[in-house]
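Below: the structure, in structure tokens.
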Amino acid sequence: MALRLYNTMSSRIEEFHPLRDNEVRMYACGPTVYDYGHIGNFRTFVAVDLLYRYFRQSGYGVRYVMNITDVDDKIIRNAARDGVSVQQYTARYEKAFVEDAAMINIEPPKLVRATENIPQMAEFVSRLVEKRLAYRADDGSYYFRIAKFPEYGKLSKKDFKGMLDGARVDVDEYDKDSARDFALWKAAKPDEASWDTPIGAGRPGWHLECSVMSMQELGESFDLHAGGEDLVFPHHENEIAQSESLTGKPFAHFWFHARFLLVEGEKMSKSSGNFFTLRDLVLKGHKPSSIRYLLTSVPYRNQLNFTFDGLKQAAVSVERLRNFRLRLSAGNFPAGATPEMQSLASETVDRMRAALDDDLNTAQAQGAIFEMVRQSNAAFDTDGIKQDDVAPLLAALAKFDEIFAVLDDDDGPKMKRVFEWASGEGREKDISNELHEAIQSGAQSDADIEEKIAQMKAARAARDFKASDVLRAELAEAGIIVEITKDGIRWRRK
RNA sequence: GGCGCGGUACCCAAGUGGUAAGGGAGAGGUCUGCAAAACCUUUAUGCGUCGGUUCGAUUCCGACCCGCGCCUCCA
Numbered sequence: 050m051a052l053r054l055y056n057t058m059s060s061r062i063e064e065f066h067p068l069r070d071n072e073v074r075m076y077a078c079g080p081t082v083y084d085y086g087h088i089g090n091f092r093t094f095v096a097v098d099l100l101y102r103y104f105r106q107s108g109y110g111v112r113y114v115m116n117i118t119d120v121d122d123k124i125i126r127n128a129a130r131d132g133v134s135v136q137q138y139t140a141r142y143e144k145a146f147v148e149d150a151a152m153i154n155i156e157p158p159k160l161v162r163a164t165e166n167i168p169q170m171a172e173f174v175s176r177l178v179e180k181r182l183a184y185r186a187d188d189g190s191y192y193f194r195i196a197k198f199p200e201y202g203k204l205s206k207k208d209f210k211g212m213l214d215g216a217r218v219d220v221d222e223y224d225k226d227s228a229r230d231f232a233l234w235k236a237a238k239p240d241e242a243s244w245d246t247p248i249g250a251g252r253p254g255w256h257l258e259c260s261v262m263s264m265q266e267l268g269e270s271f272d273l274h275a276g277g278e279d280l281v282f283p284h285h286e287n288e289i290a291q292s293e294s295l296t297g298k299p300f301a302h303f304w305f306h307a308r309f310l311l312v313e314g315e316k317m318s319k320s321s322g323n324f325f326t327l328r329d330l331v332l333k334g335h336k337p338s339s340i341r342y343l344l345t346s347v348p349y350r351n352q353l354n355f356t357f358d359g360l361k362q363a364a365v366s367v368e369r370l371r372n373f374r375l376r377l378s379a380g381n382f383p384a385g386a387t388p389e390m391q392s393l394a395s396e397t398v399d400r401m402r403a404a405l406d407d408d409l410n411t412a413q414a415q416g417a418i419f420e421m422v423r424q425s426n427a428a429f430d431t432d433g434i435k436q437d438d439v440a441p442l443l444a445a446l447a448k449f450d451e452i453f454a455v456l457d458d459d460d461g462p463k464m465k466r467v468f469e470w471a472s473g474e475g476r477e478k479d480i481s482n483e484l485h486e487a488i489q490s491g492a493q494s495d496a497d498i499e500e501k502i503a504q505m506k507a508a509r510a511a512r513d514f515k516a517s518d519v520l521r522a523e524l525a526e527a528g529i530i531v532e533i534t535k536d537g538i539r540w541r542r543k
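Quick note: the first sequence uses the working numbering, first residue 50, plus one each step.
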């Protein structure tokens, strides 16, 4: 069964087939590195990550490129405010972005930077000018002539026909032939970062970098272009206009857009007080795995209401999955295999893949895995799982985690890094008690814990439950949960 | 105003022209020295409201109400 994806261009769900056999070339609009990434940014990046992972699981080789916008108005303004160069300013936020992405298990794409492709962008503009698709304004800026691209608006389904004849030109836009013409290149201004190029001194407009870098990395036509829903217009529309009018070829074949999320039922905004960076959430004591899980629990085209209650629920759900894996890995099973468990495992994989094939229906894929967990746990309780059933069940779980990436418990070390970062930034006051506790549980080394567990075992062998309970309480205090089962003692971090 | 999306149990959230996945939470129970984990039972005759089509609609159509998005370099 083939993957079916919603394509913004056609407004329909279509079967996905790469242009070249077995190779997917995809490009995602990445962050403008002027601040720490917020949870909304990461919803989009996680959605694209899921798609990337699913392409790979489906057997494709994938070339996945993401841009870093490291020059724009905000960056120039903030760098000037801080009295540092644009490069100095963006370096720390690009680093933060990479760290944050790793924290929620986003597989790294190839990153390309706007400022490292300035000559190519200038070259692109001059080719547009040669073809009379762009023009130079009096101040040295360059604009794309929208009237030259009749298909303008085809992605966002906007009709500009009435506006293309220049009848209603804003008085402010004195330099432009038509109000809708967009800037390709902005002429240098005093005290602003600029680059000397054959088309003059200045800096690129926002849309240019994505056309230039995507084509450079992936070719004039490639498979899929992704981003947040707000980018449909004008950003992606403009990319299409400048790219297709220049090459005469279709630009991206699939357009993939993730819907915005709500935070506590409202649009996220700084003024509403519901604006959170990823680091803010970790400082509040939430695990990266909970955040990732919550972000993946609603299909990417639906509005996701990101709430703290939801974060807690996500944490419990992840714990349930981790407990299940631990139980399978650590248990003793009778020899043999059962047909029921064998088929349960394979049906679960089929159901997950069918769900993901259906425009990445992550909620349904999660439903499938939980169904398997429940049935397996029930079988477990009645010795219905045999030795040879374990591997297929674990394999199904692994298949799930290749996409969702929440099972491995490395939350402790990750949270510790955020803790250290906040301390280094002098933000101790933002560190919650919950984060302190979480760090504590990660502070115990495995060896220390195993030592205590061994003592517990000895005490229990002597039927000294009192001593055993004291040890268990000590470990609980340190954030370690101990479980006594018929197969022995198991432990995990809270 | 133009274009588009959604309203499903206490919360989150799938889904289908034939009678409601899954997760969380609550209640009761099983297991257990006690915990924890796990399992079982239970919680929507109901899927925004009102009409229509149909043997039958939550699912299709229409109207209305509510929420949300884009149309302003915010993912």
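Ideal Cβ placement from N, Cα and C applies to all residues, glycine included.
**Asked** Are the beta-carbon atoms belonging to A145 and Y85 less than 9 Å from one another?
**Response** yes
**Request:** Have a look at H49 and A275 and give me their C-alpha separation to the nearest angstrom.
**Result:** Here the chain has residues from 50 to 543 only, and residue 49 is not among them.
**Asked** Among L446, R371 and L405, which residue has its Cα nearest to the Cα of S395?
**Response** L446
**Prompt:** So, R476 versus L332, is the Cβ gap smaller than 9 Å?
**Reply:** yes
**Asked** Considering only C-alpha positions, which residue in the set G461, V365, E451 and A507 is nearest to G108?
**Response** E451
**Prompt:** If you draw a straight line from the alpha carbon of I167 to that of E258, how long is it in whole angstroms?
**Reply:** 8 Å
**Item:** Three-state secondary structure assigned by DSSP to V455
**Value:** coil
**Asked** E72 bridges to which residues according to DSSP?
**Response** R69 and G110
**Request:** Have a look at H208 and M58 and give me their C-alpha separation to the nearest angstrom.
**Result:** Reading the sequence as shown, one finds Asp at residue 208 and not His. Distance between the alpha carbons of D208 and M58: 14 Å.
**Asked** Where do the N-terminal and C-terminal ends of the alpha helix (DSSP H) with H256 fall, by residue?
**Response** W255 to L267
**Prompt:** Start and end of the alpha helix (DSSP H) containing V519?
**Reply:** F514 to E526
**Message:** I'd like the list of long-range same chain contacts for Q169, defined as Cβ closer than 7 Å, with 5 residues on each side in sequence excluded.
**Reply:** V261 and Q265
**Message:** I need the DSSP call for Y191, collapsed to helix, strand or coil.
**Reply:** strand
**Request:** Grab me the residues of D240's own chain with a C-beta within less than 8 Å of its C-beta, minus the 5 sequence neighbours each way, in chain order.
**Result:** A129
**Asked** Do you know how far the Cα of E63 is from the Cα of L409?
**Response** 12 Å
**Message:** On a Cα-Cα basis, can you pick out the residue from G132, W255 and E526 that is closest to Q489?
**Reply:** E526
**Request:** List the DSSP bridge partners of W540.
**Result:** V531
**Prompt:** To the nearest angstrom, how far is it from the Cα of K515 to the Cα of N372?
**Reply:** 26 Å
**Message:** Taking 6 Å as the limit between beta carbons, can you name the residues of its chain near Q362, skipping five residues before and five after?
**Reply:** none
**Message:** In this structure, how does DSSP classify A386 when only helix, strand and coil are distinguished?
**Reply:** coil
**Prompt:** Quick check: the region 138 to 158 against the region 184 to 195, are there 3 or more CB pairs under 8 Å?
**Reply:** no
**Message:** Determine whether the beta carbon atoms of F325 and I117 lie at a separation below 9 Å.
**Reply:** no
**According to DSSP, residues forming a beta bridge with K361** = Answer by DSSP bridge pairing: none, since K361 is not bridged.
**Item:** Every unbroken alpha helix (DSSP H) within the region 270 to 309, with a cutoff of 4 residues, ordered by chain
**Value:** 286 to 296
**Asked** Near A290, what residues of its chain come up, given a Cβ to Cβ distance below 7 Å and the 5 sequence neighbours on each side ignored?
**Response** F193, I195, F198 and Y201
**Asked** Taking the C-alpha atoms as reference points, what is the distance between L370 and A183?
**Response** 55 Å
**Prompt:** Cβ of D119 within 9 Å of Cβ of T81?
**Reply:** yes
**Item:** Cα-Cα separation between L484 and K465, rounded to whole angstroms
**Value:** 8 Å
**Message:** Can you tell me whether M170 is helix, strand or coil according to DSSP?
**Reply:** helix
**Request:** Check whether the Cβ atoms of L456 and M421 lie closer than 9 Å to each other.
**Result:** no
**Message:** Which same chain residues end up closer than 6 Å to E222 when comparing Cβ atoms and leaving out the 5 residues on each side of it in sequence?
**Reply:** With a pLDDT of only 46 at E222, under the threshold of 50, the placement of this residue in the model should not be trusted; the figure read from the coordinates follows. Only A228 meet the Cβ criterion.
**Request:** Select from Q436, S321, Q106 and F449 the residue whose C-alpha is nearest the C-alpha of I418.
**Result:** F449
**Request:** Would you please state the rounded distance, in angstroms, between the beta carbons of Y55 and R402? I believe it to be under 8 Å.
**Result:** About 18 Å separates the two Cβ atoms, so there is no contact after all.
**Message:** Taking only three categories from DSSP, how would you classify D230?
**Reply:** coil
**Prompt:** If we ignore side chains and look at the alpha-carbon of each, how far apart do D479 and N323 end up?
**Reply:** 16 Å
**Item:** Whole-angstrom C-beta distance between F91 and I153, which should lie under 8 Å
**Value:** 6 Å
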